[in-house]
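*Asks:* I am attaching a structure below and will ask some questions about it afterwards.
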Amino acid sequence: MKDDFLSKGMDFSNVIDVDKDNTDDVNNKRKQKGFSDETRRKEAKSSRLVMLEDALSQWSESMSAKTELSKVKTTVLKAKAERYTLKASQATSPLYDPYSIDTCMELLDSIEDIANKVYNKVFEKFKDEDWRCMFIKMPLFRRKDWLTSLE
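In structure tokens:
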């Protein structure tokens, strides 16, 4: 046999082609079960669609959570802004004007023995801010003299 092999070579005609038989068997089984290239493509496409739907669903849930968080942050910031506004409005009460007409009137009313004619003339002077300032800064005895000069 060794001599035959070396002189003639080997005869493969009686050898079974295993790969061809196995491939045919697999294809036959697939055909019997309904598997075709088109079916496999449809399954792959369907699988990708399911994966995409899952990814889209997760992304949507994530965005919803971020939106809710953003709404909560906005509400908190609005509440803080309202508190600061309230504090600021309480802290900034109307400014006290030491030269206001009210202050001048209080000082005028504290002076005794003022004639009605003088009292009424002073009102014209108190309309001017400079007169009010001078009146308030005058010492008491000068105020009385100034008032009598208005007669």
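Its first residue numbered 3, the sequence shown is counted upward by one per residue in the working numbering. Beta carbons: idealized from backbone N, C-alpha and C, even for Gly. Since we're looking at a predicted model, the values are computed, not measured.
Within 10 angstroms of its Cβ, does Leu88 collect 16 or more other Cβ (buried), or is it exposed?
*Replies:* Answer is exposed; the Cβ neighbour count stays below 16.
*Asks:* In three-state terms, what does DSSP make of Gln104?
*Replies:* Here residue 104 is Asp; the residue named in the question, Gln, does not match the sequence. The answer is helix: DSSP assigns Asp104 an H, G or I state.
*Asks:* Could you check if Cys106 is buried or exposed, using at least 16 other CB atoms within 10 Å of its CB as the buried criterion?
*Replies:* Buried: at least 16 other Cβ atoms inside 10 Å.
*Asks:* Along the alpha helix (DSSP H) that carries Tyr121, what are the first and last residues, could you check?
*Replies:* Looking at the DSSP string, the run of the alpha helix (DSSP H) that includes Tyr121 is 118-128.
*Asks:* For Met140 and Thr150, what's the separation of their Cα atoms in angstroms?
*Replies:* Met140 and Thr150: Cα-Cα distance of roughly 14 Å.
*Asks:* Pick from Ala90, Lys123, Lys146, Asn122: whose alpha carbon is nearest that of Glu114?
*Replies:* Measuring from the Cα of Glu114, the nearest candidate turns out to be Lys146.
*Asks:* Expressed to the nearest angstrom, what Euclidean distance is found between the alpha-carbon atoms of Ala83 and Lys73?
*Replies:* Going by the C-alpha atoms only, they are around 15 Å apart.
*Asks:* Under 7 Å Cβ to Cβ from Tyr101, same chain only, skipping five residues before and after it: list those, please.
*Replies:* Here the set comprises Glu131, Arg134, Cys135, Ile138.
*Asks:* Would you mind stating whether Ser110 and Val124 have Cβ atoms separated by less than 8 Å?
*Replies:* The question names Ser, but residue 110 is Leu in the sequence shown. In this structure, Val124 lies closer than 8 Å to Leu110 by Cβ.
*Asks:* If you draw a straight line from the alpha carbon of Thr76 to that of Gln60, how long is it in whole angstroms?
*Replies:* The straight-line gap from Cα to Cα measures roughly 24 Å.
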